[in-house]
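Mapping of the sequence shown onto numbering that gives the first Met the number 0: position 137 corresponds to residue 136, and the numbering continues sequentially without gaps. We put the CB at the ideal spot given by N, CA and C, even for glycine. Before any comments, here is the structure.
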Amino acid sequence: MHKLKALALTFFAGTAITNAQFTETINSNRPGQSQGAFAVGTGVYQLEAGGFYGNDTHELRQTDTDLYGANYMIRAGLLTDILELSIQGRYQSEETTIFQGGQNRIYERNNFPFNTFGAKLLLYDPNKNGDNRREVNLKSWDANQRFDWRRLIPAISLYGGANITIQDDNPYRFEGENKYTPQVTLITQHNWGRWVWVMNFTAEKFTETYSNYEFIGTLTHAFNPKFAVFGEYQAIIGDLYADDIFRAGGAYLLTDYLQIDVAGLTNIKDTPSRWQVQAGLSVRLNFHKDTEFKNLSKDGDQRKARTQQQYDF
């Protein structure tokens, strides 16, 4: 049971607080939109995918759009445990009803709004070598009860990628936009017991006429080794579109290598007002070599033991 208890915080945020980056159970970014700071580990391959259905209603334009589609992400740990390569994208189909000329007209579009190829590198892990562990003061109970400010130091990663829209007739590509556009994300992650707080700061298409900047904050709580819930806020600041989006949902671990999830989103404006529901799964293929895990430092074993004790409930 201990390896399952160490899993509890790996939902959504990609937590890897055991030895190095490898965990014995799946860690998935789903169903939230943020990326966790940690990689999946060398020799590990994950598919994280799901379908969604929703509606956008624009009061000023008098449009009503039903939409559905699928999101996917393929993650691979290569060369080192602090590096992860990934492909992520979305296929979307829309049917928009517009009141024109005294009658409703229907317009359809479908394609890939984005496909992004990228890499994530862990820059700093506060748990490495016990950097953020406070030593027990045998002479003062009060000193041991004080808030440990080192717990505020997050793990930090940097993600860089390229959005690719090859088709010239892709309706989601703006006129004059290049087929390849950049995306950079700074990722921070705090692990506080059964809670995980992840922040993503993203700049994309900043080489284009219409750039886009985003902030995502995701808070996850694990009730037990198999079930966790999350709440998420996303701020979008763009030349063409700006919004404040809220998400919430949960995930359940069926096996060490299989997770299912459900979630929904809404916003607070009417240009457009939005809602969506989604469901999906995450599947892991593990070719990680045991020797890599076993031959690491003594500190790694100590960290694993601390993690197991933390979830001994």
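Exercise. When DSSP labels each residue in this structure, what does Arg-193 get in the three-state scheme?
Worked result: Arg-193 falls in the coil class under three-state DSSP.
Problem set entry | Own chain, CB closer than 8 Å to Ala-315, minus 5 neighbours either side, in chain order | Residue coverage of the chain in this structure runs from 0 to 312, which leaves residue 315 outside it and unanswerable.
Exercise. In angstroms, rounded to a whole number, what distance separates the CA positions of Ala-142 and Asn-110?
Worked result: Its pLDDT being 48, under 50, Ala-142 is placed unreliably by the model, and the measurement read from it follows with that caveat. Taking the straight line joining both Cα atoms gives about 59 Å.
Problem set entry | Nearest neighbour of Arg-283, chosen from Val-39, Gly-35 and Gly-31 [CA to CA] | Considering only Val-39, Gly-35 and Gly-31, the residue with the shortest C-alpha distance to Arg-283 is Val-39.
Exercise. Are Tyr-251 and Lys-268 close, meaning C-beta to C-beta below 7 Å?
Worked result: Contact: no.
Exercise. Any idea if Thr-290 is buried or exposed, counting beta-carbon neighbours within 10 angstroms, 16 or more meaning buried?
Worked result: Unreliable positioning characterises Thr-290 in this predicted model, as indicated by a pLDDT of 43, which lies under 50. The coordinate reading is nonetheless provided below. Exposed: under 16 other Cβ atoms inside 10 Å.
Problem set entry | Burial state of Ala-227 (16 or more Cβ within 10 Å) | Per the 10 Å Cβ criterion, buried.
For this session: If I'm right that Leu-185 touches Ala-154 with Cβ under 8 Å, what's the distance once you round it to whole angstroms?
Result: The Cβ separation is near 12 Å, so there is no contact.
Exercise. Within 10 angstroms of its Cβ, does Thr-206 collect 16 or more other Cβ (buried), or is it exposed?
Worked result: It counts as exposed.
Exercise. Exposed or buried, Ala-221, counting other C-beta atoms within 10 Å across all chains shown (16 or more means buried)?
Worked result: Result: buried.
For this session: Taking Leu-59 as part of the beta strand (DSSP E), name the residues at either end of that continuous run.
Result: DSSP places Leu-59 in no beta strand (DSSP E); its state is neither H nor E.
Exercise. Can Ser-272 be considered in contact with the ligand SAM, in the sense that its beta carbon sits closer than 6 Å to one or more heavy atoms?
Worked result: For the ligand SAM, the structure offers nothing, since it holds no ligand at all.
Exercise. Any chance the region 252 to 261 sits against the region 24 to 43, with 3 or more Cβ pairs inside 8 Å?
Worked result: Flag = yes, the region 252 to 261 and the region 24 to 43 touch.
For this session: Give the single residue among Asn-285, Asn-114, Leu-157 and Ile-244 whose Cα lies nearest to the Cα of Gly-31.
Result: The option with the nearest alpha carbon to Gly-31 is Ile-244.
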